[in-house]
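Protein chains in written order, with this note's numbering: chain A, 157 to 794; chain B, 7 to 256; chain C, 286 to 527.
Here's what the structure looks like:
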């Protein structure tokens, strides 16, 4: 596997400009001849499909939801970063670049991150022009707020529904292209395999979730905008349908999978209430702007009502440990601190897995109205789920799997190791290193879709001739048959256990051994347990109904099957990364006071996994990361 | 909790459909309504029966995938709440609950409780956008928007497109959805250029899809999980009249 | 007629405004019965003797409004039924009131009532003897004119007719309670901030119309049974005596 990152020459700030100039252009008459498949319709997929359609390409866009507007980007709450420096507080493209690199614990590519920071400015303009109703100041200009991991206010937001509004913006642009016929939208279609011919991606196989029909779609390039794999943990803040299948199938067809162990735990989720739970709900990190995180100083107080614990018996541990960032410490650090507090028996709420996020001071300082205006919908959501009123009693929060930084490896053009297969947004590994800063996911999805891929795809398309492959040809047929066989096996599975029960069990293993803290012993154990679970799955799975209909059991079984394989890969990656960095915390690698110890000497690289066949250990490749513009430093938020 | 459920079962779009009764015991009051259905489905699987198909995805009240008519109410009786955010603590032990799909001609049933809401996409495709080429936007602060207008636009833009407005309307009218989408863009300076064609085209698409007519009951707004106000319907009525008059006299 | 749903709604609202205005004027005219025979007869005579284009123009206009209102309503209701082919197993409402849910019913009954009312008092086809009621009271020049006052008294003498009229006025009242407020919404002049007040005003308007129209049959019946004695009785000039 050759990992040529294709980073352009020149000084960091000029790389993107140089690359855009040197990128090959597809002339307008030829664009019509190229057919592009976009899988996924979230911020990355929606914006890419819309923009490519606008440019004149023939686009087929697929999503498993019943409409492109429901992709899970919609659930992002807090905001989107943009280095506009509207607040005159010292922000700049370089500062956003630096914050993102540092926030990612120096495990991302400088050139990609800098391009992201550059594009952040255009994204805001684009979204405003689309009619995204960002929050405004009284003077009518855009408002900003601050976010974890940054000391400037650069986050643009639309109440607590920024992701929704940005997605609806991309969806409206997409809808405009669908109306012109330039983009054909295929809803309730799940990609089950990638068609690779002579090493090039030439199409996909989908299953129509409503009718069960399996079909070949051919194209000149395939864009995977299929999101993250957080659901390998069963309980996460991802939507129930989010899955790794498209990415994992591409991996099996030859795409390198980079850094699967880089998963992000979000510090402010609503704690687990019981065994029935199907997902975790995030409370926007922006709450940490006005909320103070604490647990009782003494474990004995953990069972008491918060109002009975006096001020001097409370431990505002983030403020204590990280005085300069305080409650706004980055996500991984905040999460781990919460886990530590709970491990010490100081956790609150049912099961003792929770910490308080207290708004009392802010309410006293700013008044309940201000707090309600800022976070009203979050407080309502909290009350609906927990039955508690956060204006009167501190919220209980606990970390949960939220985002996955790892993903398919891509070069500077966003192309995976399979030529013609591009990967955008959360599905790729490129911009967030080992930890993503708040309000950066939306930025990356839109940057990739609106401003990067439409330029860089030309570099590939100009090397091939349009027309794709014959959908009836051998390669397509073979791939289709293999998918039919796989689905057929599952439909005929008449064992005893539901796919959900396997998913739950896998989630428990993952959370226990590959969650917030990992160890060699635990990871080895996890790999064994996952393998056993997979064997059991292959023997004892129960699927009812048949394949030619809407069959949600069948859908889930396919996804869980891939999660089982993928979970093992994730553990394997975690096991080989002998350091602690960002969201990856190995218990063996920490300082005396529990801070993560990075190993730049041996691990300043992206680990890229190559599939070698079922039952074979995948091969680990390395893309070394070079840092020419930032000094590798111990990430300190003290 | 023990619950007595009466759930709609329909094999496919052509099937007549019927209700089936189930008894489900051991439901936690911290469960969401959908988690309760998960539990029912696991029970059905255990009995070798086919689980009930229902739409759901984010389960945090924002994607708008979940639907369900619960005891006659779209998303259940709780105000400002989607089905996925409806928790079982709002029910009593021993309750009987009737679960049906959202019913409208424009939302044909796919299977069981799953309906096809693509008619909403058609409405958006007709004009629910601002025509702006990627990369052609002026600076974000080039056009100030009074905070009040931005807030009103946001109130409308919050619509999650779940279709509860249609399901709760006795006439299956999509006016609340259409008006919220058009209203959001019509309220912003960016949306002015296409305002007239937007309302004309979106209303035409809405009619085309087979939705009923608005009778100003307000059931839609009462059922809306995002509390979209009837004001947007009034605004759409106003904008449409203006656009139509301009068109006639132009 | 495949026109836009909103145009149909505008038609409903605009014809509604005309009819809402008409019932108020009609009621004000009727109330002159309470002043006395001379007042109502003179008023009726004046109306009947308006220049033909104005008289027939107005009548035609009103008739067209009623017909457009009714036909459009019929179309809307038909479309609405088609839009919801299958009702919910449990039909419930959160906000909609009795009146707003039954506009079709109250409207249809109003249409039937209008037909009856025209036949009863305007064309006088049901009781042709009303045509023979003549008097000079209220006549501008002393010549014999139609004795509307006597006709009204005679008309409401019949218990069943009076009860029918009062019931119909109640239905009209409820029709207006939704319609008047809804009209503003359809034309885009209602806001949620004012909706409560507007609904109240619409309901009040409905009740005023109800009271204004019903008071006459109620008084006639009440006087018939000797409960009150406030109406000028029919003199020798009319064939009906209270």
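No residue lacks a Cβ here, since even glycine has one placed at the ideal position from N, Cα and C.
All values reported here derive from a predicted model rather than from experimental measurement.
8 Å Cβ cut-off: residues of chain A touching residue i
i                      : result
residue 117 of chain B : 366, 705, 706
For residue i: DSSP bridge partner residues
i                      : result
residue 163 of chain B : Per DSSP, none; premise fails for residue 163 of chain B.
residue 218 of chain A : A:195, A:342
residue 349 of chain A : A:361
residue 311 of chain A : A:237, A:301
residue 114 of chain A : Since the displayed chain A opens at 157 and closes at 794, residue 114 of chain A lies outside it and no answer follows.
residue 450 of chain A : A:512
residue 742 of chain A : A:674
residue 104 of chain B : B:12
residue 471 of chain A : A:451
Through-space distance from residue j to residue i, alpha-carbon basis
i                      : j                      : result
residue 245 of chain B : residue 202 of chain B : 7 Å
residue 522 of chain C : residue 321 of chain C : A caution first: residue 522 of chain C carries a pLDDT of 47, below 50, which makes its placement in the model too unreliable to give a value.
residue 310 of chain A : residue 581 of chain A : 21 Å
residue 762 of chain A : residue 598 of chain A : 22 Å
residue 524 of chain C : residue 450 of chain C : Because the pLDDT at residue 524 of chain C is just 48, under 50, the model does not fix this residue reliably, and the value given afterwards should be weighed accordingly. Going from the Cα of residue 524 of chain C to the Cα of residue 450 of chain C covers about 22 Å.
residue 26 of chain B  : residue 488 of chain A : 48 Å
residue 526 of chain C : residue 518 of chain C : Summary for residue 526 of chain C: the model assigns pLDDT 46, below 50, so the residue's position carries little reliability; its value from the coordinates is reported in the next sentence. Their Cα atoms are separated by approximately 7 Å.
residue 480 of chain C : residue 466 of chain C : 8 Å
residue 635 of chain A : residue 378 of chain A : 15 Å
residue 286 of chain C : residue 335 of chain C : Confidence in residue 286 of chain C is poor, its pLDDT being 42 and thus under 50, which makes the residue's placement too unreliable to answer from.
residue 499 of chain A : residue 81 of chain B  : 39 Å
residue 766 of chain A : residue 731 of chain A : 16 Å
residue 578 of chain A : residue 672 of chain A : 30 Å
residue 333 of chain C : residue 126 of chain B : 55 Å
residue 553 of chain A : residue 482 of chain A : 17 Å
residue 233 of chain B : residue 190 of chain B : 14 Å
residue 780 of chain A : residue 758 of chain A : 10 Å
residue 132 of chain B : residue 249 of chain B : 15 Å
residue 443 of chain C : residue 463 of chain C : 31 Å
Closest Cα partner of residue i within the set the options
i                      : options                    : result
residue 426 of chain C : C:495, C:326, C:403        : C:326
residue 624 of chain A : A:358, A:656, A:742        : A:358
residue 493 of chain C : C:460, C:470, C:468        : C:460
residue 697 of chain A : A:754, A:714, A:243, A:559 : A:714
residue 63 of chain B  : A:361, A:436, A:780        : A:436
residue 658 of chain A : A:389, A:217, A:360, A:168 : A:389
residue 445 of chain C : C:502, C:390, C:468        : C:502
residue 110 of chain A : A:601, A:319, A:258, A:247 : Here chain A covers residues 157 to 794 and nothing more, so residue 110 of chain A does not appear.
residue 10 of chain B  : B:87, B:99, B:81, B:90     : B:99
residue 548 of chain A : A:415, A:534, A:524        : A:524
residue 361 of chain C : B:132, B:83, B:221         : B:221
residue 770 of chain A : A:746, A:721, A:270        : A:721
Residues that residue i contacts on chain B, provided the C-beta gap is smaller than 7 Å
i                      : result
residue 591 of chain C : Only positions 286 to 527 of chain C appear in the structure, and residue 591 of chain C is not among them; the question remains open.
residue 207 of chain A : 140
residue 441 of chain A : Near residue 441 of chain A there are no residues of chain B at all, since even the closest Cβ is about 15 Å away, more than 7 Å.
residue 473 of chain C : 240, 241, 243, 244, 247
CB contact check: residue i to chain E, cutoff 9 Å
i                     : result
residue 83 of chain B : Among the chains of the structure shown, chain E does not appear; the protein chains present are A, B and C.
Amino acids of chain C, ordered along the chain, whose beta-carbon sits closer than 9 Å to that of residue i
i                      : result
residue 216 of chain B : 364, 367, 368
Residue i: contacting residues in chain B (beta-carbon distance under 8 Å)
i                      : result
residue 421 of chain C : Neighbours of residue 421 of chain C on chain B: none; closest Cβ ~51 Å, over 8 Å.
Under 7 Å by beta carbon: chain A residues contacting residue i
i                      : result
residue 152 of chain B : 296
Contact list for residue i against chain C, beta-carbon separation under 7 Å
i                      : result
residue 237 of chain B : 476, 477
Partners in chain A for residue i, counting only beta-carbon separations shorter than 9 Å
i                      : result
residue 190 of chain B : 287, 289, 324
Chain-ordered chain B contacts of residue i [CB-CB under 9 Å]
i                      : result
residue 646 of chain A : Simply none; closest approach about 14 Å.
In chain order, each beta strand (DSSP E) run of at least 3 residues that lies wholly inside the segment 526-597 of chain A: The qualifying runs are 551-560, 577-579.
3-residue-minimum beta strand (DSSP E) runs that sit fully inside the segment 368-427 of chain A, ordered along the chain: 370-374, 377-380, 419-425, all fully within the segment 368-427 of chain A.
Residue ranges of each alpha helix (DSSP H) within the segment 26-52 of chain B, 4 or longer: Within the segment 26-52 of chain B, the complete alpha helix (DSSP H) runs of at least 4 residues are 39-52.
Complete runs of the alpha helix (DSSP H) confined to the segment 120-198 of chain B [at least 4 residues]: Qualifying alpha helix (DSSP H) stretches, in chain order: 124-133, 153-163, 170-174, 181-192.
Beta strand (DSSP E) segments (min. 3 residues) lying fully within the segment 352-437 of chain C: Counting only runs of at least 3 residues, the segment 352-437 of chain C fully encloses no beta strand (DSSP E) element at all.
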